[in-house]
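A.B. asks: Supplied in structure tokens, the structure appears directly below.
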Amino acid sequence: MKIALGVTGGIAAYKAAELVRLLQDRGMRVQVVMTRAAQEFVRPLTFAALSGEKVITDLFGAGAEEPNIDSAVEHIAVAQAIDALVVAPATADVIAKFAHGEANDFLTTLFLATTAPVVVAPAMNVNMWENAATQANIQTLRARGVNIVEPDSGYLACGMVGAGRLAANETIVQAVLRALHAEQDLAGETILVTAGPTREPIDPVRYIGNRSSGKMGYALAEAALRRGAKVILISGPASIKPPASAEVVQVQTAAEMRDAVHANLERATMVIKAAAVADFTVRQAAGEKIKRNGPLTLELEPTVDILKEISARKGSRLVIGFAAETTNVLANARKKLESKSLDAIVLNDVSQPGIGFDSERNAVTIVTPAGVENVPETSKWEVAHRVLDAIVKLKAERHASSTRH
Ligand code: PMT
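If you use the numbering used here, the sequence shown corresponds to residues 14 to 418, in order.
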């Protein structure tokens, strides 16, 4: 395996030296690429000594008396030779350049030229990290399939406290390993993912809805696609774009979602239900816009529990539910796991601020009959991968037990 490690100009550049070693310990050859700013923090010699390879420092051959054609096309050769590109630390500047397709040094050119998986580990001042421009650039990169390793929170070199510290090297290594195996572990699976809210009509212009944005379900769909699965995404009305290679079925109401799930269940080998399906619907929606003539009473009736229904005919499929809870969260999730005969349930404590509904971030507990695994607050993309990791493990356990019997 050959990895290109891009080092950009931040105080955390020195931490990339240990990263070289950790990647080598996993049997990878590391080609270090440094930006000009990175060389202000650490000398290329350090990386050359650690990696045993010449460090690339310039698009046109650093130190060469004359720029030559070999060095000018080297980025293409490196782009084709590598199995992954890792950028750690990644500054706000390089993230912006990646997002906007700029290619004015070796690293940014390599980023555009490679088709290998890319892992970006940002490190910067908390305000720079939280700035809307940086967050928009991160979203752009994530939507294009770049694996972002969220920075840690804590004391920063600038003296401030908050998010922006380079993630632990071991976390970055795990992200690299996952990116390298991304195409493998769900290949051959067809995963039915439900996402978003449902809308239950009151009259032609009003409905009962909820705050689900679809982000969690779409992240699951995108992550599953990246790991080689086919994805049937059954989505309630969401304002974000679904992943390009998913087969998307758009629905509005809980009843439509139920029909779509049943119509596609046969083709699916796994089901993940992240949608926030209405528990109640209006018994008789008005055919015309209701006039404001004093108080209005709506008669609601329960919707069909789609998850419970499909569990009854799931066959050998793995079925994973979500549980949005605000009180007695673990006990309630366990109850749903059992009553809906699920293989796992992803507990979302939506009473926590800043996560869950309509947020970029989430924190969940993955509950299986065998135990619980906490996923502390992180991006929905990372949560999606952790849920898929748990599913891959369940699948392996099931396979192992079926070959034993
Ligand atoms: O969309 P986002 O803004 O990204 O937010 C993500 C989320 C908070 C919506 C998501 O993480 C989440 O928790 N989804 C489940 C929300 C929910 O409806 O939970 P519940 O506890 O009410 O339902 C339990 C399970 O039964 C869910 O898998 C649900 O899809 C399913 N269900 C519920 C009702 C129903 N009639 N049929 C169902 O299949």
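Ideal placement from N, C-alpha and C gives every residue a C-beta, glycine not left out.
For aspartate 356 and glutamate 87, what's the separation of their Cα atoms in angstroms?
C.D. replies: 49 angstroms
A.B. asks: Our contact map puts arginine 2 next to isoleucine 16 with C-beta atoms below 8 angstroms; I'd like the distance itself, whole angstroms only.
C.D. replies: Absent from the structure is residue 2, since the part of the chain shown begins at 14 and ends at 418.
A.B. asks: Taking 7 angstroms as the threshold (C-beta atoms), are isoleucine 358 and methionine 283 in contact?
C.D. replies: no
A.B. asks: For asparagine 160, which residues of its own chain have a beta-carbon under 6 angstroms away from its beta-carbon, when the five flanking residues on both sides are left out?
C.D. replies: Val132, Ala188 and Ala192
A.B. asks: In terms of alpha-carbon separation, which member of Gln148, Arg240 and Pro210 lies closest to alanine 397?
C.D. replies: Arg240
A.B. asks: Going straight from the alpha carbon of leucine 72 to that of alanine 336, what length do you get?
C.D. replies: If I take the Cα positions, the gap works out to 51 angstroms.
A.B. asks: So, helix, strand or coil for valine 295, using DSSP?
C.D. replies: strand
A.B. asks: I need the boundaries of the beta strand (DSSP E) containing threonine 381, first residue and last residue.
C.D. replies: Where threonine 381 is concerned, the enclosing beta strand (DSSP E) starts and stops at 374 to 381.
A.B. asks: Which value, in whole angstroms, describes the spacing of the CA atoms of glycine 76 and valine 68?
C.D. replies: For glycine 76, the predicted model reports a pLDDT of 46, less than 50, meaning its position is unreliable; a value from the coordinates is still stated below. Cα to Cα, glycine 76 sits roughly 12 angstroms from valine 68.
A.B. asks: For threonine 70, which three-state DSSP category applies?
C.D. replies: coil
A.B. asks: Please find out if some non-hydrogen atom of ligand 1 comes closer than 6 angstroms to the beta-carbon of phenylalanine 54.
C.D. replies: no
A.B. asks: How big is the Cα-Cα spacing for aspartate 216 and alanine 298?
C.D. replies: 5 angstroms
A.B. asks: Contact defined as beta carbons within less than 8 angstroms: I believe serine 392 pairs with arginine 417. What is the distance between those atoms, to the nearest angstrom?
C.D. replies: Contact flag wrong, Cβ pair sits at about 38 angstroms.
A.B. asks: Take serine 252 as the anchor and find which of Ile221, Ala208 and Gln52 has the nearest alpha-carbon.
C.D. replies: Ala208
A.B. asks: Between the beta-carbon of alanine 289 and the beta-carbon of asparagine 361, is there less than 7 angstroms?
C.D. replies: no
A.B. asks: DSSP on arginine 13, reduced to helix/strand/coil?
C.D. replies: The displayed coordinates of the chain run from 14 to 418. Any statement about residue 13 would go beyond what the structure contains.
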